[in-house]
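Accompanying notes for the structure given below.
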DNA sequence: TCGAAAGCAAGAGCACTGCTCTCGTTTTGT
DNA sequence: ACAAAACGAGAGCAGTGCTCTTGCTTTCGA
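Chains as they are written, first to last, in UniProt numbering: chain Z, 1 to 228; chain D, 1 to 228.
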């Protein structure tokens, strides 16, 4: 086995064990030494492949974002009639929640408290944008599809328009400001719900998470004016 | 100084230093040994007052919930005309976000990723309910105030009614299911927004957080049908 | 082809963590 | 007055991230 092959293989093995450990004990308890033991290495050898524990976590973040991105895009693509924006939206929402429930520690790593002193490098943000990208795409298609009959949305003043600057840049077609606000609220609501559910803040109030999530996303469909 | 006095004083000192350290370095990096050094004790002595690091964190969680609860209730009480439900709602939302921005580590401790293997004891949930209580109170007052002219809300089937069981128990007056759903969505949206903002997920999209938050909460007021 | 350079794994070690146990001392309650 | 409980200190255990040195091996250029 050549040196390059060996390196690729070891990197893969380390990441694999790291992912397994992440799923088991969560990001906080992830131990470089334990990973080293698992792959049959001494701890210092791992540092040949990842310069620090944070770099390893970054790699896991990217992988997780990509996995969630895959799930989301696959869910969207799974809807036959592309004009069924409501079905596509619901599929995307369900995919996010399903993935989060199946991979709670990974979700917490992505959308929970950021690790102290950690600033997400560029590599993670591009992977992260795949998820928001799914929402943006739906927003654009909804806009271009014609009349939008959602809940009445307040006008956005010039100041509010400016505040959305980054979103405008990410959009390929123009979307009205009030529609953007609605879509951002939907995005926030979905992730807020998943976080609240997963982090135990609905424990005392909601008895049936599945049903309530369906209710909420159904309401979002109505508010967004997604016609079936 | 009597033994009881000394105990109270030491407990207070430890908690004070712990809070300071929490604000500085965050929950993950909170060190019992460092706290011990700060208060002039050896680390093992701290365990006479808090049986474990997690118990100390629990105490901090309770304190933080209470502080946020104070801020929220104070903001609500600060609105003169009690019938101005929109102003009260906006005040509560702003109080939550302001407190979160002023105390990001404390907010992360409360609403971020739960610490691994940690299950919130009863003592924390009662303090936590003060915040949700503020929303519930507004929901009830809005309902009893008469006609609600918010965004149209879909009917809630029996299954959805059951899912809200815990919320019904917390309510003193009956609130229609569709209204409860709307209020839960508002609650989710507010905390979802604050989490997304604080945890850096809006970094690329939103340029002016203050303005956008006002826009969002303003929209929530309209959706909830809160008349001024 | 051969020797320098670079990559690699191992081990020792540093500074730190949460936590336990023991050992004197001091304060309590009976 | 005396036993019991509480207390602080210290040593120690098992674990952590990370660095540095020491040999060995693969790679690559003259």
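Think of the CB as a built atom: it goes at the ideal place given N, C-alpha and C, for glycine as much as any other residue.
Contact between residue 183(Z) and residue 139(Z) holds: CB atoms are separated by about 4 Å, below the 8 Å threshold.
Taking C-beta atoms as the reference points, residue 92(D) and residue 72(D) count as a pair closer than 7 Å.
Burial is judged here by how many other beta carbons sit within 10 angstroms of a residue's own beta carbon; residue 6(D) has fewer than 16 and is exposed.
For residue 195(D), the uninterrupted alpha helix (DSSP H) segment begins and ends at 177-198. Contacts with chain D (Cβ-Cβ distance below 7 Å) from the segment 205-220 of chain Z involve 205, 206, 207, 208, 211, 212, 215, 216, 218, 219, listed in chain order. At a cut-off of 7 Å between beta-carbon atoms, residue 167(D) makes contact with chain Z. Residue 155(Z) counts as exposed, since fewer than 16 other C-beta atoms from the protein chains shown sit within 10 angstroms of its C-beta. Counting only Cβ-Cβ distances below 9 Å, residue 162(D) has contacts in chain Z at 207, 208, 211, in chain order.
Bounds of the alpha helix (DSSP H) holding residue 63(D) are 53-77. Within the same chain, Cβ atoms closer than 8 Å to the Cβ of residue 131(Z) are found at 65, 68, 69, 72, 96, the five residues on either side in sequence being excluded. Put simply, the CB of residue 1(D) is far from chain Z, with every gap to its CB atoms at 7 Å or more.
In the three-state reduction of the DSSP assignment, residue 82(D) falls in the coil class, being assigned neither a helical nor a strand state.
Per DSSP, residue 112(D) lies in no alpha helix (DSSP H) and is assigned neither H nor E. Among the residues facing chain D, residue 87(Z) is not included, as its CB has no counterpart in that chain under 7 Å away. At a C-beta separation below 7 Å, residue 142(D) has no neighbours in chain Z, since its nearest C-beta there lies roughly 17 Å away. Close partners of residue 223(D) in chain Z (Cβ separation under 7 Å): 151.
A contact between stretches requires three or more CB pairs, one per stretch, nearer than 8 Å, and the segment 22-35 of chain D meets this requirement with the segment 50-57 of chain D. Within chain D, the residues 215 have their CB atoms less than 7 Å from the CB of residue 156(Z), given in chain order. Residue 111(D) sits away from residue 43(D), with the two beta carbons spaced by 7 Å or more. Judged by beta-carbon spacing, residue 192(Z) lies within the 7 Å limit of residue 188(D), meaning their Cβ atoms are closer than that value.
Using a CB distance below 8 Å, no part of the segment 52-72 of chain Z faces chain D.
The three-state secondary structure of residue 103(Z), taken from DSSP, is coil. Taking a beta-carbon distance threshold of 7 Å, residue 191(D) counts as an interface residue toward chain Z. Contacts between residue 200(Z) and chain D, judged by CB atoms closer than 7 Å, involve 114, 120 in chain order.
Apart from sequence neighbours up to five positions away, the residues of its chain that approach residue 136(D) with a beta-carbon distance below 7 Å are 170, 171, ordered along the chain.
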